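K.L.:
The UniProt record's numbering numbers the first residue of the sequence shown as 1 and each following residue consecutively.
We treat Cβ as the ideally placed atom computed from N, Cα and C, and that holds for glycine.
Please read all numbers here as calculations on a predicted model, not as lab measurements.
Pasting in a structure now, in structure tokens, and then I'll have a few things to ask.
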Amino acid sequence: MARATFSGAYGHNLQIEIVSGGNQQFIEGNYSIVNVQVRLIANGYVVLWGAAGKTLTINVGGATKQVSVNASITQGQNILIYAEKFQVPHNPDGTKSVYITARLDINQGNYGWGAAGINVPLPNIPRASTGSSANGTFGQPITLNISRHSNSFKHAIWVKFGTYDKKIAGDNIDTSFTWTPEMSMCNEIPNASSGYGTLTYITYSGGIEIGRNTQPVTLSVPDNIKPTLTGFTLTDTNTAAASVVPGEQAFIQILSNIKVNFGQMTGAYGSTITGYYAEIVGKNQSTTTQGGSLGIMNYSGNVTIRASVTDSRGRTSNTIERTVNILEYFAPILNISAARSGAQSSTLTITRNAKVAPLTVNGVQKNQMKLTFKVAKFGSNDYKVDTGSAGGTWTTVSSLVNSNANLQGEYAANSSWTVLGILEDKFTSSEFAVNVATEQVVLSYDRYGIGVGKIRERGALDVKGNTYIDGFLRHCIERSGNVSTNDLIEGGDAWTNKDTPNNDWGVLETFKIGNVSEKEATQRFTHRNGGKVWYRYRHYQTGNWTPWVVEGIDNFYPIGSIYQSTAPTNPTTFMGGVWERFGNGRVLVGVDEADADFNTANKTGGEKTHTLTIDEMPSHSHRQYVSANNGNDSIRRDWSSDGASKAYDQGMETGRAGGNRPHNNLQPYVTLYRWRRTA
Numbered sequence: 001m002a003r004a005t006f007s008g009a010y011g012h013n014l015q016i017e018i019v020s021g022g023n024q025q026f027i028e029g030n031y032s033i034v035n036v037q038v039r040l041i042a043n044g045y046v047v048l049w050g051a052a053g054k055t056l057t058i059n060v061g062g063a064t065k066q067v068s069v070n071a072s073i074t075q076g077q078n079i080l081i082y083a084e085k086f087q088v089p090h091n092p093d094g095t096k097s098v099y100i101t102a103r104l105d106i107n108q109g110n111y112g113w114g115a116a117g118i119n120v121p122l123p124n125i126p127r128a129s130t131g132s133s134a135n136g137t138f139g140q141p142i143t144l145n146i147s148r149h150s151n152s153f154k155h156a157i158w159v160k161f162g163t164y165d166k167k168i169a170g171d172n173i174d175t176s177f178t179w180t181p182e183m184s185m186c187n188e189i190p191n192a193s194s195g196y197g198t199l200t201y202i203t204y205s206g207g208i209e210i211g212r213n214t215q216p217v218t219l220s221v222p223d224n225i226k227p228t229l230t231g232f233t234l235t236d237t238n239t240a241a242a243s244v245v246p247g248e249q250a251f252i253q254i255l256s257n258i259k260v261n262f263g264q265m266t267g268a269y270g271s272t273i274t275g276y277y278a279e280i281v282g283k284n285q286s287t288t289t290q291g292g293s294l295g296i297m298n299y300s301g302n303v304t305i306r307a308s309v310t311d312s313r314g315r316t317s318n319t320i321e322r323t324v325n326i327l328e329y330f331a332p333i334l335n336i337s338a339a340r341s342g343a344q345s346s347t348l349t350i351t352r353n354a355k356v357a358p359l360t361v362n363g364v365q366k367n368q369m370k371l372t373f374k375v376a377k378f379g380s381n382d383y384k385v386d387t388g389s390a391g392g393t394w395t396t397v398s399s400l401v402n403s404n405a406n407l408q409g410e411y412a413a414n415s416s417w418t419v420l421g422i423l424e425d426k427f428t429s430s431e432f433a434v435n436v437a438t439e440q441v442v443l444s445y446d447r448y449g450i451g452v453g454k455i456r457e458r459g460a461l462d463v464k465g466n467t468y469i470d471g472f473l474r475h476c477i478e479r480s481g482n483v484s485t486n487d488l489i490e491g492g493d494a495w496t497n498k499d500t501p502n503n504d505w506g507v508l509e510t511f512k513i514g515n516v517s518e519k520e521a522t523q524r525f526t527h528r529n530g531g532k533v534w535y536r537y538r539h540y541q542t543g544n545w546t547p548w549v550v551e552g553i554d555n556f557y558p559i560g561s562i563y564q565s566t567a568p569t570n571p572t573t574f575m576g577g578v579w580e581r582f583g584n585g586r587v588l589v590g591v592d593e594a595d596a597d598f599n600t601a602n603k604t605g606g607e608k609t610h611t612l613t614i615d616e617m618p619s620h621s622h623r624q625y626v627s628a629n630n631g632n633d634s635i636r637r638d639w640s641s642d643g644a645s646k647a648y649d650q651g652m653e654t655g656r657a658g659g660n661r662p663h664n665n666l667q668p669y670v671t672l673y674r675w676r677r678t679a
């Protein structure tokens, strides 16, 4: 509604009013019917007679129309002088605002002309239909629904997804369309399992586009779209092992390190291979790189190697398994003894116990056993190779058990000799030496001295065997491979490997005071490589041996000491003593005699997580929401505390915060293995 007064001397007493309301929309035609009314409004001073045939000019949105009206009016009247409906076309997008003016020329009785104008925003006429969003899977049908404003509207649908920009439905779609996204669209998202695009619904009325609506579309790659692994090859990074056992079906314990080559693999619909994984099932050995190795295998028998690849979508391929045989391997084992034979006792007969790992593949021995003997006079390092039948090379034999054979040379019966046996396979070797005494006699002598149990060779007294003086063993030199260290208690030295601390060869020194019936003794064992020296004690009453310990352990790790390492190995295995795991899952705190919580060793306490009590919380505040019980919904605080004003009770609830979960007390940490010595 808009009003304006007239010109002229009395014009201020008369108003022209323009009103537009009750308008109608026609969706299909995209226009509105606009109702226009013009009225005259007089105050108590207006008297205007004989004013018929006056010109009223109407303009509706630029369209002008003139009509003749009767403008006669008297005091206090409000009369309708004109009413008509106009068709107003909307903009293509359905919007429209129309400006309407009305001018009445009276020019009579001191009343001139009056004009009023009004801008009428018309309600938008719905044009573009609304399509549904979509969430689907490539290769599977999706129903797209369209909500339209007129049954005559038709539609087309476009999809944009990456570089894919295509019209998927023609221009004559009504309210529904079933679309199956092409599998080739997977190529648009090579690095993801799902992606986003847009659906554009184009609305047509009478073949003319009247609007567009855009909706999101999410499309996922089907679960069965994965990379493919069709094969892999296995090689040995140890070229020496590979030269003995070639191929991919057998490898060698301890020596081989299997390399995995992922050869035949492809991504799916644009994805690329980004990850590799191969493992020896159940052995905690794996690799995550192309051409990576699985590590040294300290076991034997059939194992399964399982492999797969991962693509740029993070999807894992099919797995492929292969069974390979890990052939048992051990260092050559050699034990020999030598005895004199022949008429002159100058021939040396060797009893051979030798063994190598055969490394048999398909019934064929791949390893070889080579046995060589060298001989030198006792005490000399001038060894000469003996080419007798005791030595040799075997490609189909992997062990000799109590096998006797002679050396070729002549070794005088009046001299002692050292026979050195060297057993080799294709990877390493082992040695074993024996001393051969002179021809066995009860007593011999020459001008330089006496021999007991042997022909004298050195010194004034040359004795073979243990020496007892006044009933006590004073010195012995033994070579023992089948006698336990627990039984070597008479005193003296021995070369042995049975029940030693590490079950390997070394020198055993036994010290004992008294005769055999006494129980107290000590033993000292030096490993053959000289790396470690161990000792133990035999109790004088019980006769029980203490555990083997590394010499000096009581100085560095006395009982009660803590040993820690990133390796899980029990210290018993390399320094002896008895150890137990200590402080698992706990941090250590130093003893503080002044603090009751820490004043003695082995006290425990503390929590990994803890739920705070009210007293443990830091001081804090909460937001407060209040409602008054009286006093016109207000709260008055008696700031001066004079009691002059009423303080109303209030209801109060604080805003809640927090998850009521235990507090995590963990400090930054790193884990390790910790052991405590108990004996």
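Below 6 Å CB to CB, which residues in the same chain sit around Arg536 once its five sequence neighbours on both sides are set aside?
P.N.:
Gln523, Trp545, Thr546, Trp548.
K.L.:
Whose C-beta lies closer than 7 Å to the C-beta of Gly44 among residues of the same chain, with five residues either side of it excluded?
P.N.:
Cβ neighbours of Gly44 beyond the five flanking positions: Gln75, Gly76.
K.L.:
When you compare the CB positions of Ala307 and Phe232, do they come within less than 8 Å of one another, or not?
P.N.:
Their beta carbons are under 8 Å apart, which means Ala307 touches Phe232 by this criterion.
K.L.:
Where does Trp639 sit, in a helix, a strand or coil, going by DSSP?
P.N.:
Residue placement at Trp639 is poorly supported in this model, since its pLDDT is 49, which falls under 50; the coordinates still yield a value, given next. Coil.
K.L.:
Got a sec? Which residues, its chain only, sit under 6 Å from Ser399 by beta carbon, not counting five neighbours each side?
P.N.:
Counting only Cβ-Cβ distances below 6 Å, and skipping sequence neighbours, we find Lys355.
K.L.:
Tell me which residue opens and which closes the beta strand (DSSP E) that Met265 is part of.
P.N.:
Per DSSP, Met265 belongs to the beta strand (DSSP E) from 257-266.
K.L.:
From the DSSP output, in three-state form, read off Ser184 for me.
P.N.:
Reduced to three states, the DSSP call for Ser184 is helix.
K.L.:
On the three-pair Cβ rule with 8 Å, is the stretch 274-294 touching the stretch 169-184?
P.N.:
As far as the Cβ criterion goes, the stretch 274-294 does not touch the stretch 169-184, which means the pair count is below three.
K.L.:
Using 8 Å for Cβ pairs, my map puts Ala128 next to Asn213. What's the rounded Cβ distance?
P.N.:
Contact holds; Cβ gap of about 5 Å.
K.L.:
Leaving out five residues before and five after Asp633 in sequence, what residues of the same chain have Cβ atoms less than 7 Å from its Cβ?
P.N.:
With a pLDDT of 49 at Asp633, under the threshold of 50, the modelled position of that residue is not reliable, and no figure is offered here.
K.L.:
So, at 7 Å on beta carbons, what are the nonlocal neighbours of Glu84 in its own chain, with the 5 sequence-adjacent residues on each side left out?
P.N.:
Excluding sequence neighbours, Glu84 sits near Val36.
K.L.:
Look at the alpha carbon of Ser72 and the alpha carbon of Thr64, and state the distance between them as a whole number of angstroms.
P.N.:
Computed Cα separation, rounded: 24 Å.
K.L.:
Using CA atoms only, rank isn't needed, just tell me which of Gly391, Ala376, Gly392 is closest to Gln412.
P.N.:
Before going on, a small fix: residue 412 reads as Ala here, not Gln. Comparing Cα-Cα distances from Ala412 to each of Gly391, Ala376, Gly392, the minimum goes to Ala376.
K.L.:
Counting beta carbon pairs with one atom in the stretch 554-565 and one in the stretch 667-676, are three or more of them shorter than 8 Å?
P.N.:
Yes, the stretch 667-676 is in contact with the stretch 554-565.
K.L.:
With 16 as the cutoff for other CB atoms within 10 Å, does Ala343 come out buried or exposed?
P.N.:
Classification of Ala343: exposed, given that the 10 Å Cβ count is below 16.
K.L.:
Confirm, please, whether the CB-CB distance from Pro123 to His149 is below 8 Å.
P.N.:
Taking 8 Å as the Cβ cut-off, His149 and Pro123 do not qualify as a contacting pair.
K.L.:
Would you call the CB atoms of Ile41 and Asn78 closer than 8 Å?
P.N.:
Yes, these two residues count as a Cβ contact at 8 Å.
K.L.:
Helix, strand or coil for Gly11? Go by DSSP, reduced to three states.
P.N.:
Of the three classes helix, strand and coil, the one that applies to Gly11 here is helix, per DSSP.
K.L.:
Give the secondary structure of Ile455 by DSSP, where H, G and I count as helix, E and B as strand, and everything else as coil.
P.N.:
Reduced to three states, the DSSP call for Ile455 is coil.
K.L.:
Please state whether the Cβ-Cβ distance between Ser416 and Asn404 is less than 8 Å.
P.N.:
No.
K.L.:
Only counting the same chain, and skipping five residues up and downstream in sequence, which positions put a Cβ closer than 6 Å to that of Thr304?
P.N.:
For Thr304, where only same-chain residues beyond five positions count, the Cβ hits under 6 Å are Val281, Glu321, Thr323.
K.L.:
For a cutoff of 8 Å on Cβ pairs, would you count Val324 as touching chain D?
P.N.:
The structure shown contains no chain D; it holds only a single protein chain.
K.L.:
What distance in whole Å lies between the Cβ atoms of Phe378 and Thr418, which are believed to be in contact at a cut-off of 8 Å?
P.N.:
With 8 Å as the limit, Thr418 and Phe378 qualify as a contact, their Cβ atoms being about 5 Å apart.
K.L.:
Cutting at 7 Å between CB atoms, please list the residues of its own chain near Thr272, excluding the five before and the five after it.
P.N.:
So the qualifying residues of the chain are Pro190, Asp311, Ser312.
K.L.:
How about Gly576 and Ile553: are their beta carbons less than 8 Å apart?
P.N.:
Yes; because the gap between Cβ atoms is below 8 Å, this pair is in contact.
K.L.:
Just the C-alpha distance for Ile217 and Gly197, rounded to the nearest angstrom, thanks.
P.N.:
The residue asked about is misnamed: residue 217 is Val in this sequence, not Ile. The alpha-carbon atoms of Val217 and Gly197 are separated by roughly 5 Å.
K.L.:
What does DSSP give as the partner residue(s) for Asn172 in the beta ladder?
P.N.:
Paired residues: none, contrary to the question.
K.L.:
Counting C-beta neighbours from all protein chains within 10 Å, is the total for Arg661 16 or more, i.e. buried, or is it exposed?
P.N.:
Per the 10 Å Cβ criterion, exposed.
K.L.:
How should Lys167 be labelled, buried or exposed, when 16 other C-beta atoms within 10 angstroms of its C-beta is the threshold for buried?
P.N.:
Counting Cβ neighbours within 10 Å, Lys167 comes out exposed, since fewer than 16 surround it.
K.L.:
Can you grab the Cα-Cα spacing for the pair Lys464 / Gly453, in whole Å?
P.N.:
Rounded to whole angstroms, Lys464 to Gly453 spans 5 Å at the Cα level.
K.L.:
Among the residues of its own chain, which have a CB less than 6 Å from the CB of Thr235, if the five just before and after it don't count?
P.N.:
Cβ within range, chain order: Lys259.
K.L.:
Where does Asp592 fall in DSSP's three states?
P.N.:
Three-state DSSP puts Asp592 in coil, outside helix and strand.
K.L.:
Closest by CA to Lys603, which one among Asp615, Asn335, Phe582?
P.N.:
The candidate whose alpha carbon is nearest that of Lys603 is Phe582.
K.L.:
Could you spell out where the alpha helix (DSSP H) holding Val244 opens and where it closes?
P.N.:
It spans 239-244 - the alpha helix (DSSP H) in which Val244 sits, taken as one unbroken run.
K.L.:
Where Glu410 and Asp446 are concerned, what is the direct C-alpha to C-alpha distance, given to the nearest angstrom?
P.N.:
Glu410 and Asp446: Cα-Cα distance of roughly 23 Å.
K.L.:
Buried or exposed: Phe574, going by 16 or more other Cβ atoms within 10 Å of its Cβ?
P.N.:
Burial call: exposed.
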